[in-house]
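Notes follow once the structure below has been shown.
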Amino acid sequence: LATTSKGFGSASKTKFIHTPDTGEESQQLLKFLALQNAKGLENIDIGFNQDTGVRGLFCTSKIKKNQKICQIPSDCALALADPTKGEEDAPTAAHRGANFLDMYVKNEQAKQFWSPYLDTLPVYGSKLFDPTPDFYIDDDIELFEFPRVIQQAQERRKQITDIASERGLTVEELQFATWLTTSRSFKLSIPAPIDESEMPKIDEKGQVIEKTGEKKALHVMVPFIDIANHDSDQSNCKLTLIDPEKDDAWFALEATRPIAAGKELVIAYGSGAESSVELLLNYGFVPSGNRIDKLMLAKGGDDTITSLDGWTTTLEEDKTMLEMAKDDPVLHKILQFRIRIKETY
Ligand SMILES: C[S@@+](CC[C@H](N)C(=O)[O-])C[C@H]1O[C@@H](n2cnc3c(N)ncnc32)[C@H](O)[C@@H]1O
Numbered sequence: 001l002a003t004t005s006k007g008f009g010s011a012s013k014t015k016f017i018h019t020p021d022t023g024e025e026s027q028q029l030l031k032f033l034a035l036q037n038a039k040g041l042e043n044i045d046i047g048f049n050q051d052t053g054v055r056g057l058f059c060t061s062k063i064k065k066n067q068k069i070c071q072i073p074s075d076c077a078l079a080l081a082d083p084t085k086g087e088e089d090a091p092t093a094a095h096r097g098a099n100f101l102d103m104y105v106k107n108e109q110a111k112q113f114w115s116p117y118l119d120t121l122p123v124y125g126s127k128l129f130d131p132t133p134d135f136y137i138d139d140d141i142e143l144f145e146f147p148r149v150i151q152q153a154q155e156r157r158k159q160i161t162d163i164a165s166e167r168g169l170t171v172e173e174l175q176f177a178t179w180l181t182t183s184r185s186f187k188l189s190i191p192a193p194i195d196e197s198e199m200p201k202i203d204e205k206g207q208v209i210e211k212t213g214e215k216k217a218l219h220v221m222v223p224f225i226d227i228a229n230h231d232s233d234q235s236n237c238k239l240t241l242i243d244p245e246k247d248d249a250w251f252a253l254e255a256t257r258p259i260a261a262g263k264e265l266v267i268a269y270g271s272g273a274e275s276s277v278e279l280l281l282n283y284g285f286v287p288s289g290n291r292i293d294k295l296m297l298a299k300g301g302d303d304t305i306t307s308l309d310g311w312t313t314t315l316e317e318d319k320t321m322l323e324m325a326k327d328d329p330v331l332h333k334i335l336q337f338r339i340r341i342k343e344t345y
């Protein structure tokens, strides 16, 4: 417990729910960002949630609604495609993983510049590695008993195998890079950089059509902000892009509600309304609750379920097995998912 001032002489206790991350990697990342003129770093601690042990971001002081809690210069972000081409350059998750390896890990100059960030990323098999179903063997994938999970996990694996051979990468390195980039990147819609070498376009009246205004989808990894965890129902901040048309654009973590000092800063991943199926497939975790699941399972939704008859086990059996699967992370995640779906149904 620490004490913070509330103003007017009254002091209140701030309950911290995290243990600060004092490790060398985090300290180097903060130093690197400070050198790049990042703002608001003092408002946030990188730390470990004392309940879950998961690394995340925690605010050190009271935050107002709409406050830009921290700002990271856009030069620090890692684009996962050529910004002039956007999705054309990286249409699938596996392409973005391959681009990450080529552009940052295997490019000596880029690797050196970004090493304070790259060193903070999860490594394969570590506590921070939360595998998506495509890492599982076929028999385990089947145990999810959910058609779209099985189909997409297999599809992802095929994409990875194809792109690995196309780009001269090993399947293992590309599978991990694909997980890393999918679970940590933000999809943006940005004004496409103007290609001055291109001939100006003329409209039917012979007027030059302004080259601005065109938007491209681009996935980027934003150091530091990518440590924020997800909350399906109670996020308190979001990522915003400030001045995207200017050279000195910024990525900001912006409060969507007032936040008390000590709270974890949590965002809503992806579209902001991701079902637990999407969260599992792209980020590798099953949230403890998720209002969006009701819409997903509803009649006419993406994953309509008309009955629970086809499942091999009941909700109660899954809950009993979950208790026994504490030391088996693969089975634990499969059961968490089955319980999430059945509870929603
Ligand atoms: C963008 S990273 C967030 C930072 C991550 N905790 C770290 O320290 O590198 C996304 C990963 O964080 C974890 N994560 C985020 N939100 C979570 C949640 N609500 N429950 C469980 N794990 C979560 C998952 O492992 C996910 O793949």
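For the sequence shown, mature numbering (1 follows the signal peptide of the UniProt record, and there is no 0) gives the first residue as 1, with consecutive numbering after it. Virtual Cβ for every residue (Gly too), placed ideally from N, Cα, C.
Check	Outcome
Euclidean distance between Cα positions of Ala38 and Phe146	43 angstroms
Where Ser189 falls, given that 16 or more other Cβ within 10 Å makes a residue buried	exposed
Alpha-carbon spacing of Thr4 relative to Cys237, whole angstroms	Note that Thr4 scores 47 on pLDDT, short of 50, meaning its location in the model is unreliable; the coordinates nonetheless yield the value given after this. Roughly 22 angstroms separates the two Cα atoms.
Where Ile202 falls, given that 16 or more other Cβ within 10 Å makes a residue buried	exposed
Cβ contact check for the stretch 175 to 188 and the stretch 218 to 232: 3 or more pairs under 8 angstroms	yes
Rounded Cβ spacing between Ile242 and Ala252 (contact assumed at less than 8 angstroms)	6 angstroms
Contact check, Ile191 vs Glu254, beta carbons under 8 angstroms	Strictly speaking, residue 191 in this sequence is Pro, with Ile absent from that position. Against a cut-off of 8 angstroms, the Cβ pair of Glu254 and Pro191 comes out as no contact.
Pair within 8 angstroms by beta-carbon distance, Ile137 and Ala94	no
Backbone CA spacing between Lys326 and Asp51 [nearest angstrom]	16 angstroms
Nearest neighbour of Thr240, chosen from Asp21, Gly301, Lys215 and Asn66 [CA to CA]	Asn66
Top-ranked residue by Cα proximity to Ser115, from Ile227, Asp130, Gln336 and Leu33	Leu33
In DSSP terms, what Glu264 is bridged to	Phe58
Distance cut-off 7 angstroms: Ala228 Cβ against heavy atoms of ligand 2	Ligand 2 is absent from the structure shown, which contains only ligand 1.
Runs of beta strand (DSSP E) lying entirely within the stretch 36 to 112, each at least 3 residues, in chain order	44 to 49, 55 to 59 and 68 to 73
Spatial neighbours of Ala79 in its chain, beta-carbon cut-off 7 angstroms, leaving aside the 5 residues before and after	Leu218 and Val220
Secondary structure of Ala325, DSSP reduced to three states	coil
Residues that Leu279 bridges to, as DSSP identifies them	Leu279 is not bridged to any residue.
Leu29 to Thr178 span [Cα, whole Å]	22 angstroms
Spatial neighbours of Tyr104 in its chain, beta-carbon cut-off 8 angstroms, leaving aside the 5 residues before and after	Leu78, Ala110, Lys111, Trp114 and Leu118
CB of Ala228 within 8 angstroms of CB of Thr14, strictly	no
Counterpart residues of residue 347 in DSSP-defined beta bridges	Nothing in the structure corresponds to residue 347, since the chain is present only between 1 and 345.
Cys76 to Leu315 span [Cα, whole Å]	46 angstroms
Whether Asn290 touches Ser232 by CB criterion (8 angstroms)	yes
Cβ-based neighbour list, Cys70, same chain, cut-off 8 angstroms, excluding 5 preceding and 5 following	Ala38, Lys39, Gly40, Leu41, Asn43, Ile44, Phe224, Ile225, Ala252 and Leu253
Same chain, Cβ closer than 7 angstroms to Ile163, neighbours up to 5 away in sequence not counted	Ala94, His95, Ala98 and Leu174
Phe16 in three-state terms, based on DSSP	coil
Any non-hydrogen atom of ligand 1 closer than 7 angstroms to Asp130 Cβ	yes
Proximity test, Arg156 beta-carbon vs ligand 1 heavy atom, cut-off 7 angstroms	no
Residues of its chain near Ile334, where Cβ-Cβ distance is below 8 angstroms and the 5 sequence neighbours each way are ignored	Asp140, Leu143 and Phe144
Buried versus exposed, by CB contacts within 10 Å (16 or more), Asn282	buried
Span of the beta strand (DSSP E), counted from its first residue to its last, around Pro191	Ser185 to Pro191
Closer than 7 angstroms: Pro191 CB and nearest ligand 1 heavy atom	no
Bridge partner(s) assigned by DSSP for Lys216	Ile190
Nonlocal neighbours in the same chain, by C-beta distance under 6 angstroms from Arg340, ignoring five residues either side	Ser276 and Val286
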